[in-house]
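Numbering follows the working numbering, in which position 81 of the sequence shown is assigned residue number 117; successive positions increment by one, without gaps.
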Amino acid sequence: MSPRQLAEWAHERYLSGDLNWPDYRVAGFHVELHPDYNTTVAALTGRPAAPDRPRDMVREWEERLAFFQRHNPPDDPQIRRIEKILALLYAPGENLRPGR
């Protein structure tokens with residue numbers, strides 16, 4: 037699944053009521069979809085945006101959760117939000133990992 041496909045998935049989940057607006061804002065707006073990404077982040081990292089390149093978006097969210105758990109208090113709302121997003125990504129019928 038690419039970042040653009042994840043954004044579409046999140047939009048569908050928002051429309052269905054599975055994600056509320058704050059959850060959707062976190063899940064649906066991948067940084068590589070921002071129009072200034074290549075002149076800001078990519079200028080520093082040397083990696084241009086590739087919002088249509090498939091990758092393991094579940095793993096990316098798992099890594100993000102681990103980061104927030106390491107660096108934030110346990111009751112941080114972002115942690116709960118990411119856990120909710122991951123629960124939806126893990127749901128049966130979601131074929132979001134590469135090769136599926």
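Virtual Cβ for every residue (Gly too), placed ideally from N, Cα, C.
- A check of alpha carbon separations from residue 72 across 47, 84, 58 identifies 84 as the nearest.
- Check the Cα spacing between residue 69 and each of 107, 105, 119, 40: the tightest is with 40.
- Across the set 56, 54, 63, the C-alpha of 63 shows the shortest separation from the C-alpha of residue 43.
- Note that the C-beta distance between residue 61 and residue 124 is not below 8 angstroms.
- Looking at the backbone, the Cα of residue 108 and that of residue 97 are separated by about 16 angstroms.
- Between residue 37 and residue 90, the C-beta gap is smaller than 8 angstroms, which places the two residues in contact.
- Non-local C-beta neighbours of residue 118 in its own chain, meaning closer than 8 angstroms and more than five positions away in sequence, comprise 62, 97, 100, 101, 104, ordered along the chain.
- For residue 66 and residue 86, the gap between their C-alpha atoms comes out near 11 angstroms.
- Taking a C-beta distance under 8 angstroms as the contact criterion, residue 115 and residue 59 do not qualify as a contact pair.
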